[in-house]
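Engineer: The following block contains the structure, expressed as structure tokens.
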Amino acid sequence: MDSKEQTIAVIGAGNLGVAIAQGIVEKGVRKPEEMILTRRNIESIDYLKKQGFRITQSNLQAVEQSRIVMLCVQPKQVKQVIQEINTKLNKDHIIVSVITGVKIDEIHKELKLDLPVIRAMPNTAISIGESMTCIASKNATAHMEEIELLFGTLGLTLVIEEKLMQAATVLGASGIAFFLRFLRAATQGGIQMGFDAEEAQMIAVQTAKGAASLILTNKQHPEVEIDKVTTPEGCTIEGLNEMEHQGLSSALIKGLMVSYNKIKNIK
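Under numbering that gives the first Met the number 0, the first residue of the sequence shown is numbered 0, with each subsequent residue one higher.
See below:
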């Protein structure tokens, strides 16, 4: 397999694009020189050159020298970017879009060639190989395995219907921020109880990791694991009930649904 066959172009290397590129290299899926990152303001990602990544302002150059083209631009930029790179796309290219709210049909509409288009929604934990990536396609069945394997080395993957992609974005991508906010609150509570900030954060983070790992490993409903911690008249059930009285679950669900309704209206 030649260098171009292996090369991935990340068009629009913002936070997510950089996280994807770093994760791919960190896990040994590609070498740094097999990743081309583009951005209008390359000064902000110039540090990646020292790590061996190829950096350029030219989307055309990146596409011409790659086989997989990963679109990481803003939704409002997608039409302009595809129209720009159309002249360098050929029948061997695979388009992978991580653009929020932009459907496969919308991308096809702008492409001059009938290329395979796959939508993927990872989250920023992809930079450490712990992403939850949802993947959907319509005309790219023959290429799904390759893209699944690519993202599968960077965490868990789930193939879904495209109609669920917006929900996947909220639950899996925005969800990173939601869980981090919970961790911040838990840390603040730990400080109020007497721990130093660093100690409180360590306890909160490791406990959250343990809780998630229990579900992934045992494949139980969360309530099964909760029942193992709660004892009659104990401090755990007292705290859980107070959190529910204050609206913990309903606030989280409302937040998810507000975010979901917002993304449905993104054009």
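The beta-carbon is built from N, C-alpha and C at its ideal position, and this holds for glycine as well.
What's the C-alpha gap between lysine 87 and leucine 157?
Structural biologist: Taking the first residue of the sequence shown as position 1, residue 87 is located at position 88. Taking the first residue of the sequence shown as position 1, residue 157 is located at position 158. Between lysine 87 and leucine 157, the C-alpha separation is close to 31 Å.
Engineer: Where do the N-terminal and C-terminal ends of the alpha helix (DSSP H) with leucine 149 fall, by residue?
Structural biologist: The residue you call residue 149 lines up with position 150 of the sequence shown. Looking at the DSSP string, the run of the alpha helix (DSSP H) that includes leucine 149 is 140 to 151.
Engineer: DSSP beta-bridge partners for leucine 155?
Structural biologist: Taking the first residue of the sequence shown as position 1, residue 155 is located at position 156. Per DSSP, Met131.
Engineer: Hey, which unbroken runs of the alpha helix (DSSP H) at 4 residues or more fall wholly within the region 0 to 58?
Structural biologist: Listed in chain order, the complete alpha helix (DSSP H) runs (minimum 4 residues) inside the region 0 to 58 are 2 to 5, 14 to 25.
Engineer: Taking just the CA atoms, how far does isoleucine 214 sit from methionine 0?
Structural biologist: Mapped onto the sequence shown, residue 0 falls at position 1. Mapped onto the sequence shown, residue 214 falls at position 215. With a pLDDT of only 48 at methionine 0, under the threshold of 50, the placement of this residue in the model should not be trusted; the figure read from the coordinates follows. Cα-Cα distance, rounded: 40 Å.
Engineer: Alpha carbon to alpha carbon, what distance is there between glutamine 82 and methionine 34?
Structural biologist: Along the sequence shown, read from residue 1 onward, the residue named residue 34 stands at position 35. Along the sequence shown, read from residue 1 onward, the residue named residue 82 stands at position 83. So the two alpha carbons sit approximately 22 Å from each other.
Engineer: Thinking C-beta only, is glycine 171 closer than 8 Å to methionine 120?
Structural biologist: Looking up residue 120 in the sequence shown gives position 121. Looking up residue 171 in the sequence shown gives position 172. Yes, the Cβ-Cβ distance between methionine 120 and glycine 171 is below 8 Å.
Engineer: For the putative contact between leucine 182 and alanine 203, defined by C-beta atoms under 8 Å, what is the C-beta separation to the nearest angstrom?
Structural biologist: One-based indexing of the sequence shown puts residue 182 at position 183. One-based indexing of the sequence shown puts residue 203 at position 204. Yes, leucine 182 and alanine 203 are in contact; Cβ-Cβ is about 5 Å, under 8 Å.
Engineer: In the region 91 to 126, which residue ranges form an unbroken beta strand (DSSP E) of at least 3 residues, counting only runs that do not cross its ends?
Structural biologist: Those beta strand (DSSP E) runs which fall completely within the region 91 to 126 and span 3+ residues are 93 to 96, 116 to 120.
Engineer: Can you tell me the Cα-Cα spacing of arginine 38 and methionine 256, whole angstroms?
Structural biologist: Sequence index remark: in the sequence shown, residue 38 carries index 39 (1-based). Sequence index remark: in the sequence shown, residue 256 carries index 257 (1-based). Near 32 Å, if we compare the C-alpha coordinates of methionine 256 and arginine 38.
Engineer: Whose C-beta lies closer than 7 Å to the C-beta of threonine 168 among residues of the same chain, with five residues either side of it excluded?
Structural biologist: On the sequence shown, residue 168 is found 169 positions in, with the first residue counted as 1. Cβ within range, chain order: Thr99, Met120, Ile262.
Engineer: Please go through the same chain and pick out, in chain order, the residues whose beta-carbon is closer than 6 Å to the beta-carbon of lysine 78, but skip the five residues on each side of it.
Structural biologist: For the purposes of this step, residue 78 is taken as residue 79 along the sequence shown, with counting starting at 1. So the list reads Glu109, once near-sequence residues are dropped.
Engineer: How about arginine 118 and methionine 164: do their beta carbons lie closer than 8 Å?
Structural biologist: By one-based count along the sequence shown, residue 118 stands at place 119. By one-based count along the sequence shown, residue 164 stands at place 165. Yes. Within cutoff.
Engineer: Here's the rule: buried if 16 or more other CB atoms are within 10 angstroms of the residue's CB, otherwise exposed. What is isoleucine 94?
Structural biologist: Indexing the sequence shown from 1 puts residue 94 at position 95. So isoleucine 94 counts as buried.
Engineer: Just the Cα atoms here: how many angstroms apart are alanine 18 and proline 231?
Structural biologist: Numbered from its first residue, the sequence shown carries residue 18 at position 19. Numbered from its first residue, the sequence shown carries residue 231 at position 232. Distance between the alpha carbons of alanine 18 and proline 231: 45 Å.
Engineer: Does DSSP put serine 267 in a helix, a strand or coil?
Structural biologist: There is no way to answer for residue 267, as the model of the chain reaches only from 0 to 266.
Engineer: Who are leucine 70's beta bridge partners in DSSP?
Structural biologist: Taking the sequence shown and counting its residues from 1, the one referred to as residue 70 is at position 71. According to DSSP, leucine 70 bridges with Ile10, Ser96.
Engineer: Just the Cα atoms here: how many angstroms apart are isoleucine 127 and asparagine 14?
Structural biologist: Along the sequence shown, one-based indexing puts residue 127 at 128. Along the sequence shown, one-based indexing puts residue 14 at 15. Isoleucine 127 and asparagine 14: Cα-Cα distance of roughly 13 Å.
Engineer: Given that a residue counts as buried once 16 or more other Cβ atoms are within 10 Å of its Cβ, and exposed if not, what is alanine 332?
Structural biologist: Missing from the structure shown is residue 332; the chain here goes from 0 to 266 and no further.
Engineer: Just the C-alpha distance for alanine 124 and lysine 253, rounded to the nearest angstrom, thanks.
Structural biologist: Start at 1 with the first residue of the sequence shown, and residue 124 comes out as number 125. Start at 1 with the first residue of the sequence shown, and residue 253 comes out as number 254. If I take the Cα positions, the gap works out to 24 Å.
Engineer: Between the C-alpha atoms of aspartate 195 and glycine 189, what's the straight-line distance to the nearest angstrom?
Structural biologist: As a position in the sequence shown, residue 195 is number 196, starting the count at 1. As a position in the sequence shown, residue 189 is number 190, starting the count at 1. Whole-angstrom Cα-Cα distance: 8 Å.
Engineer: What is the DSSP secondary structure of serine 249, reduced to helix, strand or coil?
Structural biologist: As a first step, residue 249 is located in the sequence shown; it is residue number 250 there, counting from the start. Helix, per DSSP.
Engineer: Around the C-beta of proline 74, are 16 or more other C-beta atoms found within 10 angstroms, so that it is buried, or is it exposed?
Structural biologist: In the sequence shown, the residue the question calls residue 74 occupies position 75. By the neighbour-count rule (16 or more Cβ atoms within 10 Å), proline 74 is not buried but exposed.
Engineer: Are the Cβ atoms of isoleucine 10 and valine 80 separated by less than 8 Å?
Structural biologist: Looking up residue 10 in the sequence shown gives position 11. Looking up residue 80 in the sequence shown gives position 81. It is a contact, given that the beta carbons lie within the stated cut-off.
Engineer: According to DSSP, which residues form a beta bridge with serine 136?
Structural biologist: What you label residue 136 is simply residue 137 of the sequence shown in a count that begins at 1. In the DSSP output, where bridge partners are listed per residue, serine 136 has Ile117.
Engineer: Determine the direct distance from the alpha carbon of serine 96 to that of threonine 55, and round the result to whole angstroms.
Structural biologist: Taking the sequence shown and counting its residues from 1, one reaches residue 55 at position 56. Taking the sequence shown and counting its residues from 1, one reaches residue 96 at position 97. Answer to the nearest angstrom: the Cα atoms are 19 Å apart.
Engineer: For alanine 184, does the count of other Cβ atoms within 10 angstroms reach 16, so buried, or fall short, so exposed?
Structural biologist: Position 185 of the sequence shown, counting from 1, holds the residue named residue 184. Answer is exposed; the Cβ neighbour count stays below 16.
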